[in-house]
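Engineer: Here it is, the structure in full.
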Amino acid sequence: MDDNTVLERIDALSKEELELEESRASEALSRDRLHRLQSIEVELDQCWDLLRQRRARRSVGLDPDVATVRSESVVEKYLQ
Numbered sequence: 002m003d004d005n006t007v008l009e010r011i012d013a014l015s016k017e018e019l020e021l022e023e024s025r026a027s028e029a030l031s032r033d034r035l036h037r038l039q040s041i042e043v044e045l046d047q048c049w050d051l052l053r054q055r056r057a058r059r060s061v062g063l064d065p066d067v068a069t070v071r072s073e074s075v076v077e078k079y080l081q
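Here this note's numbering is used: the first residue of the sequence shown is 2, the next is one more, and so on.
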C-alpha cells in the first residue's frame, strides 16, 4: 500500500467517523454503529501508524514498502 492509498483510506475513514459522531450528538448509536465507530478509530490509528512508518523508513533511505500494519494491541497502547 503506497502513501496515497493510505491517505485515501484515512480520508474515507475520517468522513465515516465524522458522520457517526454527528449522528451520536442527536441520538444514541445502536450497538452495531457504536462497534463500527470503535473499529474505525482503531483502523485510523493503524493507518496513521503505517504512514508514519513509511515516512520514517523513507527519510533514512530504507524501503517504505517494508512497513506493515501493526496490530490493534500495538497501536492502541502507544499512549499508555
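Beta carbons are placed, not taken as given, at the ideal position from N, Cα and C, and that holds for glycine. All of these numbers come straight from a predicted model, not from anything done at the bench.
Taking THR6 as part of the alpha helix (DSSP H), name the residues at either end of that continuous run.
Structural biologist: 4-27
Engineer: Could you spell out where the alpha helix (DSSP H) holding SER40 opens and where it closes?
Structural biologist: Counting along the chain, the alpha helix (DSSP H) containing SER40 begins and ends at 32-60.
Engineer: Could you check which residue in ARG56, GLU20, VAL75, GLU73 has the C-alpha nearest to that of ASP66?
Structural biologist: Here the closest residue by C-alpha is ARG56.
Engineer: Contact check, ILE41 vs GLU18 under 8 Å by CB: the rounded distance?
Structural biologist: 5 Å
Engineer: Would ILE11 and LEU38 qualify as a contact pair, given that the criterion is a beta-carbon distance under 8 Å?
Structural biologist: no
Engineer: Going straight from the alpha carbon of ARG34 to that of ALA13, what length do you get?
Structural biologist: Cα to Cα, the separation comes out at about 16 Å.
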